[in-house]
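Only one structure is covered here, and it is reproduced in the block below.
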Amino acid sequence: MRFTRTRKRASAAALAVVAMGVIGVGSATSAQAAEGSWYIRSGGCTALEKVELQSGHDHMAIDPTAAPNGCEFGIKNVNTGGWVYGPTTSPSQSPWEYDGPGITLEACLWGPFSAEVCGPAN
């Protein structure tokens, strides 16, 4: 009788651990999104690299905050080296670009007399 009760408790404890593991996996998946904003600067050009979670996946935008003549802004696909947005001299925020699994993007800018500077790759 005592063995059966102990075995039931062990089974209940194991089930609780498995359930917590499933909950933990779900939390870890959504916590992997690198949401936030980061300033990037080059010469007199300044922008925010923005990353937010939309429909379960990261999306990136570049939002120029100082754009004197000659500043260019864009979002680059690190995997291909190509641009997914820009480069452009527009002082307006870019559209939100999909940055889901298998894709690495970075927001970049440069001024007329300065080198390209990119924010953190995501």
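In my numbering, the protein residues as written are 6 to 127.
Even for Gly, the Cβ is constructed at its ideal location relative to N, Cα and C.
Assignment of beta-bridge partners to ASN127 by DSSP yields no partner.
In this structure, SER60 lies away from LEU53, with their beta-carbon atoms at least 8 Å apart. Listed in chain order, the non-local C-beta contacts of ALA66 below 6 Å within the same chain comprise LYS55, GLN98, SER99, TRP101, local neighbours out to five positions each way being set aside. Here SER119 is not bridged, per DSSP, to any residue.
Taking 8 Å as the cut-off, the Cβ atoms of ILE108 and ASN84 count as close.
Under the three-state reduction of DSSP output, ASN82 falls in the strand class. Here ILE45 carries a strand assignment [DSSP, helix/strand/coil]. For the set ASP63, HIS64, LEU110, GLY116, the Cα lying nearest the Cα of SER95 is the one of GLY116. In this structure, DSSP gives CYS50 an extended state, which the three-state scheme calls strand.
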